[in-house]
Each structure stands twice: as structure tokens, then as C-alpha cells.
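Some notes on the structure that comes next.
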Amino acid sequence: MALILFGGSFDPPHNGHLRIANAASSELFGAKVLFIPAKAPRWKITEESENDRLAMVEGAIAGNPCFSISDYEIKEKDDISYTIKTVQHFKSIYKKEDLYFLIGADEVNSFDRWKDPDLLSKTCHILFSPRPGFELKKENIRRFNMRGLHFYDSGEVASHEIRNLRSIDTPKTVINYIEKHKLYYVKKIEGTIGSRRTVHSFSVAHLCEEIVRSNHLHSLFGKGYIAGAIHDLGKYLSDAEGRLKAKESFPNLNVKNLPSYAVHQYSGVTLAKELFGIEDEEIFDAIKNHCTGSKRMSPLAMILYSADKIEPTRGYDSSNLIADCLHDYEKGFKNVLKANKEFLEKKTKTRIEDPLSKECFDYYLGE
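Residue numbers 434 to 800, in my numbering, belong to the letters of the sequence shown in order.
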């Protein structure tokens, strides 16, 4: 029976790791895959602790009978984890197993620079996952007798994309762990807007994503969560700084005439670029409309506007409006607009004069 060793920093683990592991297991007729988080990878600096990375892998693989995890490298006393030592350790335990070590395309090309690569390739089979459009070092494949998987669909995902909230292509258990323990992007968001506003932001994020998925908007999967999580990044800038940041992303915007409460929807776009390197125009459009709305809003903008107003921590019973959005985001959005218009008019005891909000209300409510 084959046993596949799958090492890595897993900082954090993502669905690409799981897709590759599943493909390897299938090609080797249901072989077991042993995930081995590294204590201190030779070529990388990890962002989170060994225990956090171990816990995230445990959550990611839970429920798959072919997957298991080892803390062997985590508990190692050596400062650097060397694969040859790890493989020799498991070879001594699983003497009757046909041992494989699974690597990615990048590692194929650097394999000759690993510690004792020739001995490693004789101690176990080297199994790699190819990547479309990535040129592999054929000399290494021949020299170390590597075997490639017949699998090319691991997805365009990398751990650094998860860390910087440019993707959430990772199991829900990992997302939940990141939020609970304030790792990666969560600590950056909280450091920018504070803990109370962060609670609101992630409530918006989850509701946005739920609305996106319940309405089967496949092209927006993941974007709802990302837009919701960062929509209020500009909330606590000073008025002057907020207007300067708004101008950076919207040079043609008349920032002097913006109502103070609307500045953050524009400055937040600039902060999304600066803090997270986000480049998605659809997400930017949703953020810049989440407070006031506008005419001809995109589906994501409608969803973010709605979720921001009705997320469960707002302190009132919004369950009917949430149900409306989950059933039909466009009709739900109009119902949220109507409810928000009534709330604002009651609060100010006058008709709404803010041109941005008025444009949105007039366009969608026909008033």
C-alpha cells in the first residue's frame, strides 16, 4: 500500500493543497496522504505559529478518511526542517509501505538544491503536481526519477493570496479559525478600524457571501466575503486624510462636496489597495457605493449595500430583509433601500437632500 507524505508550511492551508492531495490519492488507488506541517521551512518565513498552522490543517482535512496529519516536524528540536530526515523517519516506521513524497511544480525546479536530493529520491518516490503554463526543469525530473500527476486543476491559489485577503479559496474551517484567532488579514483589519467595527465588518462579510451563494452568482463567489470584510477600512481616518485618500483613487471626484459620512466609501478603496494589494474593480465599485448607493449598481454593490444595513449585529430585527435578499438579491436590495429611506427620513425628520443617496433612492424606488 502506498503512503504519500505531503510537507509544507501550510501558512495557511488552502483548497489547492487539498485538490492536489486528493488527486495524488486517487492516482495511487486510494493511498493515504499524511500532511506534515513544517516547523521552519528552509526557503520560507512563516507568518503564523506552528500550533496555528497545525490546527488549520487539522480543520482543513477533517472528515476525509484518506487524510491524516503528523506533528513530527513541528516537534523537532532542529531549527530547520530537512525533508531527508523526515522521510527517513517515516521510512523507519512504515517499512512495508511504498513511500511517496508530494511536491509542487516550483519545488521540482529547486529540488537539486535540497539537502541530499539523490539520497532522498532513492529513499522514496518523488511525486509532483504540474501547473499549466509553468516550465518544469526536465533535468531534475530525469535525474530524480520524478513522477508527475495527471492533474492540472489545483486552481490559481496560493497561501499568500489567502493571507492578504485576495482569495478565500480555503475550507470554511480555516476561515473560521483565522477569524477566531485574529490571524493574517483579520489582525490587519482590526489594527485599522478597531475590534468593534471589525465584528461588524465580518458579519457583513459572511452575510454578503451567503447572499451571493444563495443567489447562485458563481462569478462572485469569494468576492462577497472580501468586499464585506474591508468595506469600512476608511471609517476612522480624519476628515482631511479621508478626502485625500479618496482623491487618490478617484481623481475626478469632487471630494470637497462629499458629505462627511460618505467619504470613507471612497477612501476605503485606496486603503484596500495599499493594505492588501487588491486590484479587483468589482470589489472597488461595491465599496465605493456601500454607504450611499448610486444608480445602476452592480450585483455585488447591491449585495454589499444591503448586507451593511441589515447584518445581524446591527441591533434590530432584520430577519425579513435578510430572507428577502437570500431569496432574490435585487428585490431584497429594493426592500432594504425602502426601509433605509424611511429610517433616514424619520431620523432627520426631513426629506433626504444628500445627492448621492437621493440619486439611488430616486433611481430604484421611482421617487
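Cβ coordinates follow ideal geometry from the N, Cα and C atoms, glycine included.
On a Cα-Cα basis, can you pick out the residue from the options that is closest to residue i?
i	options	result
Ala471	Ser652, Gly492, Asp444	Asp444
Val490	Thr781, Phe439, Lys508, Ala705	Phe439
Ser562	His522, Asp713, Ile611, Leu451	Leu451
Leu708	Ser693, Lys678, Val696	Lys678
Ile601	Leu653, Ala734, Leu552	Leu653
Ser693	Pro788, Arg486, Ser587, Ile559	Pro788
Ala435	Leu535, Asn497, Val541	Leu535
Ile507	Gly661, Ala473, Gly667, Glu480	Ala473
Ile644	Tyr618, Lys706, Ala734, Ile595	Ala734
Glu568	Ser543, Ile716, Val619	Ser543
Ile608	Ala662, Ala705, Asn455	Ala662
Asp485	Gly667, His614, Lys529, Lys680	His614
Glu480	Leu616, Asn455, Thr625, Asn497	Leu616
Grab me the residues of residue i's own chain with a C-beta within less than 7 Å of its C-beta, minus the 5 sequence neighbours each way, in chain order.
i	result
His664	Ser634, Val637, Gly701, Ile720, His723, Leu737, Asp741
Leu650	Pro732
Asn768	Leu754, Asp757
Ser790	Thr725, Gly726
Ala695	Cys724, Thr725, Leu789
Asp504	Leu487
Cys641	Gly657, Tyr658, Ala660, Gly661, Ile736, Leu737, Ala740
Ile427	The shown model of the chain, from 434 to 800, leaves out residue 427, and the question about it has no answer.
How many angstroms separate the CA atom of residue i from the CA atom of residue j?
i	j	result
His447	Ser514	21 Å
Phe683	Gly675	12 Å
Lys510	Gly657	43 Å
Gly441	Asn753	46 Å
Glu460	Lys728	52 Å
Lys570	Arg646	41 Å
Gly463	His593	30 Å
Tyr699	Val688	9 Å
Glu712	Asp549	41 Å
Leu582	Phe776	58 Å
Lys774	Leu598	33 Å
Leu686	His760	35 Å
Ala457	Ile611	27 Å
Tyr669	Leu552	57 Å
Asp512	Ile659	36 Å
Ile595	Gly655	11 Å
Glu778	Ala772	10 Å
Cys499	Phe584	18 Å
Ile559	Arg580	6 Å
Met730	His697	18 Å
Leu666	Ala673	15 Å
Return the Cβ separation of residue i and residue j in integer angstroms, given the expectation that the two are a contact with Cβ distance under 8 Å.
i	j	result
Cys793	Gly726	3 Å
Asn573	Asp545	6 Å
Ala495	Thr606	7 Å
Ser751	Pro745	7 Å
Tyr762	Asn648	5 Å
Closer than 6 Å by C-beta to residue i: which residues in its own chain qualify, once you throw out the five before and the five after it? Chain order, please.
i	result
Ile622	Thr631
Ile437	Ala457, Ala464, Val466, Tyr533, Leu535
Ile453	Ser562, Ser587
Phe717	Val702
Counting only the same chain and skipping the five closest in sequence on each side, list residues whose C-beta sits under 8 Å from that of residue i.
i	result
Thr556	Ile517, Val520, Gln521, Lys524, Leu532
Ala538	Phe561, Ser562, Pro563, Arg564, Phe567, Leu569
Against chain D, does residue i count as a neighbour if the rule is that its beta carbon must be under 8 Å from one of theirs?
i	result
Asp761	This model lacks chain D altogether, as it is built from one protein chain only.
So does residue i have its beta carbon nearer than 7 Å to some heavy atom of the ligand ATP?
i	result
Leu708	Questions concerning the ligand ATP fall outside what the structure shown contains, since it holds no ligand whatsoever.
I'd like the ranges of any beta strand (DSSP E) spanning at least 3 consecutive residues and lying wholly in the region 606-663.
none
Runs of alpha helix (DSSP H) wholly within the region 562-596 (minimum 4 residues, chain order)
571-576, 592-596
Mind pulling the alpha helix (DSSP H) runs of 4 or more residues that sit fully within the region 701-764?
714-722, 732-743, 752-760
Whole runs of the beta strand (DSSP E) within the region 443-491, excluding any shorter than 3 residues:
465-470
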